[in-house]
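*Asks:*
Numbering (this note's numbering), first residue to last: 9 to 333.
1) With distances taken Cα to Cα, identify the nearest neighbour of residue 191 among 136, 218 and 141.
2) Please state whether DSSP places residue 201 in a helix, a strand or coil.
3) So, for residue 310: in the same chain, excluding its five sequence neighbours on each side, which residues have a beta-carbon less than 7 angstroms away from its beta-carbon?
4) State buried or exposed for residue 152, treating a residue as buried only when at least 16 other CB atoms are found within 10 Å of its CB.
5) State the Cα-Cα distance for the pair residue 39 and residue 236, rounded to the nearest angstrom.
6) For residue 66, does the three-state DSSP call read helix, strand or coil?
7) Does DSSP put residue 73 in a helix, in a strand, or in coil?
8) In three-state terms, what does DSSP make of residue 153?
9) Taking the DSSP output, what are the residues bridged to residue 131?
10) Taking residue 228 as the reference, which of 220, 133, 31 and 195 has the closest Cα?
11) Since residue 144 and residue 187 are thought to touch, with beta carbons under 8 angstroms apart, how far apart are those beta carbons, to the nearest angstrom?
12) Which residue wins for smallest C-alpha separation from residue 203, given the options 230, 220 and 301?
13) For residue 170, which residues from the same chain have a beta carbon less than 7 angstroms from its beta carbon, with the 5 sequence-adjacent residues on both sides left out?
14) What is the residue span of the alpha helix (DSSP H) that residue 160 lies within?
15) Is the beta carbon of residue 217 closer than 8 angstroms to that of residue 184?
16) Helix, strand or coil: which one does DSSP assign to residue 228?
17) Might you give, ordered along the chain, the residues of its own chain that have their beta carbon closer than 6 angstroms to the beta carbon of residue 221, omitting 5 neighbours on each side?
18) From what residue to what residue does the alpha helix (DSSP H) around residue 262 run?
19) With distances taken Cα to Cα, identify the nearest neighbour of residue 154 among 276, 108, 239 and 94.
20) Give the secondary structure of residue 319 by DSSP, where H, G and I count as helix, E and B as strand, and everything else as coil.
21) Straight-line CA distance for residue 284 to residue 316?
22) Closest to residue 105 by CA distance: which of 254, 301, 88 and 279 is it?
23) Can you tell me which of 67, 271 and 307 puts its alpha carbon nearest to the alpha carbon of residue 265?
24) Work out the CA separation of residue 123 and residue 117 for me, nearest whole Å.
25) State the start and end residues of the unbroken beta strand (DSSP E) segment that holds residue 4.
26) Quick check: what's the CA-CA separation for residue 91 versus residue 130?
27) Taking the runs of the beta strand (DSSP E) that are 3 residues or longer, which of them lie wholly in the segment 234 to 293?
28) Pick out whichever of 226, 303 and 232 has its Cα sitting closest to the Cα of residue 141.
29) On a CA-only basis, which of 239, 238, 181 and 176 is nearest residue 393? Give me that one, please.
30) Under a three-way DSSP split, which group does residue 314 fall into?
31) If we count the other Cβ atoms within 10 Å of its Cβ and call it buried at 16 or more, is residue 93 buried or exposed?
32) Give every residue of the same chain whose Cβ lies closer than 6 angstroms to the Cβ of residue 199, excluding the five residues on either side of it in the sequence, and list them in chain order.
33) Per the DSSP calculation, residue 306 is bridged to which residue(s)?
Below is the structure:
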């Protein structure tokens, strides 16, 4: 109560312990925040008004590409985008690599070779696919390859009153790499900003050298007007069996003590799920293994247990009917 974070609901005479108390609005907002930051609480305790969270968040690439595990042994990273361990169809990987090349080779093509002119410098790309299919992972892989930070914002988490402010903030920051998640809130049938505001934003981003990724679950969530104007639309499918096999092998970090008897193919065949779901199951399995003993190796039983907990029960094999008479 000293800091006005707890307020009495009634005033008057009587025993203080019988007073009903309520939380202040500022404390309620802090407690309900998805990722409450300790500095905000410190500011509340100091009586200061907490600064609003930044509308744009930046993801910094690692200094060196991560080492992936295949069959329990480290592998030497490949060159280009492939060195990030990204697991996607070959055609999609080629499109993403071409986008990398537009940034890496722009100085040579435009300045040295003389192609700089009236052609838009900025590229807008729509990424469509279900959650966990690798849209954000792919953009981070591009940032890793280019060794550039990427600005990320999820429009679903931005207040309506801040949508226009966000447009201006992006243009002010002018990030080379930008990922706008839940982009249907700007590109859909009922956008949260006017068509004129977004058209201005669109034109300004095209004048700036960089890549703008607009992420949605389904391409149909984007109005045809904007689909016609984007440079490219890339679809991220649910991984097939071969991709799931790779994703399972990569889902376990190298330092993890691993049972060599894990049957990766069985796991890939059992669950036709996305890469995001695979990583979540692998992490849950690690907790099951660690709970047994610090020396327990993560094994097949832990992965199956985690998969069942995630409501992905193993497929039951059924005898095939003979087609012979």
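Positions of the beta carbon are idealized from the N, C-alpha and C atoms, including for glycine.
These figures come from a predicted structure and were not determined experimentally.
*Replies:* The answer reads as follows:
1) Taking only the C-alpha atoms, the option nearest residue 191 is 136.
2) coil
3) Only residues of its own chain outside the window of five on either side were considered, and among them 293, 296 and 297 have a CB closer than 7 angstroms to the CB of residue 310, listed in chain order.
4) buried
5) Answer to the nearest angstrom: the Cα atoms are 43 angstroms apart.
6) Here residue 66 sits in strand by DSSP.
7) Reliability of the predicted coordinates at residue 73 is poor, the pLDDT of 47 falling under 50, and no value is obtained from them.
8) helix
9) 219
10) 195
11) The pair is a contact, with the Cβ atoms about 7 angstroms apart (cut-off 8 angstroms).
12) 230
13) Around residue 170: 63.
14) From DSSP, residue 160 is part of no alpha helix (DSSP H) but of the beta strand (DSSP E) over 158 to 162.
15) yes
16) helix
17) The beta carbon of residue 221 sits closer than 6 angstroms to those of 133, 135, 147 and 187, all from its chain and outside the five residues before and after it, given in chain order.
18) No alpha helix (DSSP H) holds residue 262; DSSP gives it neither H nor E.
19) Out of 276, 108, 239 and 94, 108 has the C-alpha closest to the C-alpha of residue 154.
20) coil
21) 16 angstroms
22) 88
23) 307
24) Looking at the two C-alpha atoms, the distance is approximately 6 angstroms.
25) Lying outside 9 to 333, the shown extent of the chain, residue 4 is not represented and no answer is given.
26) Between the alpha carbons of residue 91 and residue 130 lies a distance of about 25 angstroms.
27) Counting only runs of 3 or more residues that sit fully inside the segment 234 to 293, the beta strand (DSSP E) segments are 240 to 243, in chain order.
28) 226
29) The first residue shown for the chain is 9 and the last is 333, placing residue 393 beyond what the model contains.
30) Look at residue 314 here: in three-state DSSP terms it is helix.
31) By the neighbour-count definition (other C-beta atoms within 10 Å, threshold 16), residue 93 is a buried residue.
32) none
33) 266
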